[in-house]
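So in my numbering the end of the sequence shown lands on 448, straight run, no missing numbers.
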Amino acid sequence: MNIGLVIGIVAVVLVLGFVLTRKEQDEPSAAPTPEPQPEPAATQSEKPTLVMSPDEAQQAANESMASTEPTVTPEEQTETPAPSEAEAEVETAAEPDAEATAEPAAEEPQSVAVDAEDPSEAETQLAPVEGLNTLDNPEGGNAVLCLLDVNGPDLSVPNRSTLSAAQQIAQARSAELHVCCLGADTSSASQAAVEGVSAVHSITHAHLGDGVAESFFAAAMTALGSVAADVIVGPSSSAGKGYLPRLAEQLGCGMVTEILSVESGDTFTRALWAGSVIATVQGTGRLVVSVRATGFEPAVTQAAEPQEIPFEAPVTKTRFVGRETTESARPDLSEASVVVSGGRGTKGDFAPIEQLADALGAAMGASRAACDAGWVPNDLQVGQTGKVVAPSLYIAAGLSGAIQHIAGMKGSKTIVAINKDEEAPIFGVADYGLVADLFEVCPELADKVGEQGLKPTA
Ligand SMILES: Cc1cc2nc3c(=O)[nH]c(=O)nc-3n(C[C@H](O)[C@H](O)[C@H](O)COP(=O)(O)OP(=O)(O)OC[C@H]3O[C@@H](n4cnc5c(N)ncnc54)[C@H](O)[C@@H]3O)c2cc1C
């Protein structure tokens, strides 16, 4: 493939309607320190060479996946040794849906004023709220409660994907769907309705901005005091990973984690072994379900009039002390439509990756090898133990395509691989492959993107 064709691909993908969001923030001074690492033997061609046609690449990817992605029934799973929990403890994401823009807030939910600085003033109160409690059946009622951890006026892509999953579960069970937004700023609850929703609730408290699992757990129990739900659904976010298992334990019910699809009202699929195996899991009775957002299209949301549920934050055994945040002018890796990732092939020089990412208005990602070497921050890591991303376009330059990396990006709609080694496994999952030196090709691509006016407008 010549570079013109790659430019064409990028142009078509962009013209097809990416909405690329850029944060209007200062760019960090992330100057990686080059740290040479042993490089696998590779043959460098002077000109970029076509590795395989898109059809061939797709066929290779299909064959590769077909040989490694059996669907496992519960019966089959009992015969299979359980995988290590080293798998898939990652953030989830999916690409933003331009059409899923929610309507403006109709009515802001009211906050319950409790002093965030002095939790000793508040008493643990997990009892159902008087007048709102409908949880007279300890096994729950015929309802699905979707818990979202929110922060600010916009409903994030992972939250909207979780709404999609909850909507599917409610439809499959012919159950009512209730949504409850938990956070210090739950103003996004006013856009958290989806088709078929019975009610949108919010629990607003300063402690829910701290990420302390005990606070979220208490808020979730309070929400359950208002909604008699037999399925509780939440995103597999940092907060969700902390409090949803507590909820399942407290309710004495089963939990299915990081679902990828809804097969029926009680049966779901989830990934095992870095996505090499897809298991089908069935729950019985009351259930807690966490959602891997890349498995679901973000829901098209509607305006809502959320009902605030009174909540008193408990005195928690862990207390929020502070946080450090990474500022970047680039889009958030978890939500970007375009991601350009670099690996050990950069030899620590990420300038060509940054140049191409900036030309495309893309987020930057990296392999674990690049992060472990200290060339880029760890929060850029894509993969099994990094972030799971599913952008419309994923460009992988100078990374081999280890299974642990592929686990974090194979949901991308179009994958472009740039590698000197035509035998690199990344070409097995790539839609388009370029056998080339990234130091030549990435700047050239960036220039062409700029020349052809493909720079995103939003
Ligand atoms: C439990 C566990 C979890 C893991 N989790 C993750 C994870 O989340 N994410 C992850 O990425 N890895 C993860 N790994 C590590 C993973 O197995 C690989 O070691 C890692 O992904 C390799 O990174 P790499 O592709 O950058 O490096 P390499 O495998 O060394 O590949 C470098 C590639 O760059 C190419 N190259 C060299 N020079 C150039 C050039 N000038 N131009 C173009 N191409 C060039 C080479 O041909 C080679 O293919 C995990 C491993 C374990 C055991």
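For each residue, glycine too, the CB sits at the ideal point set by N, CA and C. Just so we're clear, the structure is a prediction, and the values are computed from it rather than from any experiment.
- About 16 Å separates the beta carbons of residue 140 and residue 189, which is beyond the 8 Å limit, so they are not a contact pair.
- Here residue 212 carries a helix assignment [DSSP, helix/strand/coil].
- Beta-bridge partners of residue 361 (DSSP): none assigned.
- With fewer than 16 other Cβ atoms inside 10 Å of its own Cβ, residue 364 counts as exposed.
- Per DSSP, residue 395 is one residue of the alpha helix (DSSP H) stretching across 393 to 396.
- With 16 or more other Cβ atoms inside 10 Å of its own Cβ, residue 348 counts as buried.
- By a beta-carbon distance limit of 8 Å, residue 149 contacts residue 225. Their separation comes to about 6 Å.
- For residue 307 and residue 152, the gap between their C-alpha atoms comes out near 29 Å.
- DSSP, reduced to helix, strand and coil, places residue 432 within a helical segment of the structure shown.
- Ligand 1 has no heavy atom closer than 7 Å to the beta-carbon of residue 249.
- Membership of residue 404 in the beta strand (DSSP E) is indicated by the continuous run 404 to 409.
- Scanning its chain for C-beta atoms nearer than 7 Å, with the 5 sequence neighbours on each side dropped, one finds around residue 154 the residues 286, 287, 288, 289, in chain order.
- By the neighbour-count definition (other C-beta atoms within 10 Å, threshold 16), residue 311 is an exposed residue.
- Distance check between residue 338 and each of 326, 305, 356, 245 places 356 closest, using alpha-carbon atoms only.
- In the three-state scheme derived from DSSP, where H, G and I count as helix and E and B as strand, residue 439 is classed as helix.
- Counting along the chain, no beta strand (DSSP E) covers residue 237; the unbroken alpha helix (DSSP H) around it starts and ends at 228 to 241.
- When rounded, the separation of the alpha-carbon atoms in residue 321 and residue 328 is 9 Å.
- The three-state secondary structure of residue 225, taken from DSSP, is strand.
- Burial check for residue 335: the Cβ neighbour count within 10 Å reaches 16 or more, so the residue is buried.
- Spatial neighbours of residue 187 in its own chain (CB-CB distance under 7 Å, excluding positions within 5 residues in sequence) are listed in chain order as 167, 169.
- In the three-state reduction of the DSSP assignment, residue 167 falls in the strand class.
- Distances from the alpha-carbon of residue 410 to those of 421, 426, 284, 302 put 426 closest.
- For residue 348, the enclosing alpha helix (DSSP H) stretches over residues 341 to 350.
- Per the coordinates, the alpha-carbon of residue 345 lies some 27 Å from the alpha-carbon of residue 393.
- The beta carbon of residue 371 sits closer than 7 Å to the beta carbons of 356, 358, 361, 377 from its chain, once the five residues preceding and following it are set aside; these are given in chain order.
- Per DSSP, reduced to three states, the secondary structure at residue 355 is strand.
- Residue side-chain check: residue 389 places its Cβ nearer than 7 Å to a non-hydrogen atom of ligand 1.
- In this structure, the CA atom of residue 182 is about 40 Å from the CA atom of residue 341.
- A Cβ-Cβ separation of about 5 Å places residue 388 in contact with residue 428 under the 8 Å criterion.
- For the set 217, 326, 352, 384, the Cα lying nearest the Cα of residue 423 is the one of 384.
- Under the DSSP assignment, residue 418 falls outside any beta strand (DSSP E), being part of the alpha helix (DSSP H) whose first and last residues are 416 to 419.
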